[in-house]
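Comments concern the structure below.
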Amino acid sequence: MIVKRKAGYFVISKKTKRNLGGPYPNREQALKRLRQVEFFKHNK
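Encoded structure:
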């Protein structure tokens, strides 16, 4: 999940609300990081 805050965009876990990356200056970079997280989550 991507969340906008003052510092920028953050990638946050939906379940545990933990920060998985950020701050990113724009939404596209945060989306790229979210795709990386999903890729490695399903590639265990």
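Heads up: the sequence shown is residues -17 to 26, going by the numbering used here.
Glycine included, every Cβ here is placed at the ideal spot set by N, Cα and C.
Since the structure is predicted, the reported quantities are computational estimates derived from the model, not experimental observations.
Span separating the alpha-carbon of residue i from that of residue j
i	j	result
Lys14	Leu2	12 Å
Pro5	Lys(-12)	9 Å
His24	Val(-15)	22 Å
Leu16	Ile(-6)	9 Å
Ala12	Lys(-3)	18 Å
Element boundaries [alpha helix (DSSP H), containing residue i]
i	result
Arg15	Arg9 to Lys23
9 Å Cβ cutoff, residue i in contact with chain D
i	result
Asn1	The structure shown contains no chain D; it holds only a single protein chain.
First through last residue of the beta strand (DSSP E) which encompasses residue i
i	result
Arg(-13)	Ile(-16) to Arg(-13)
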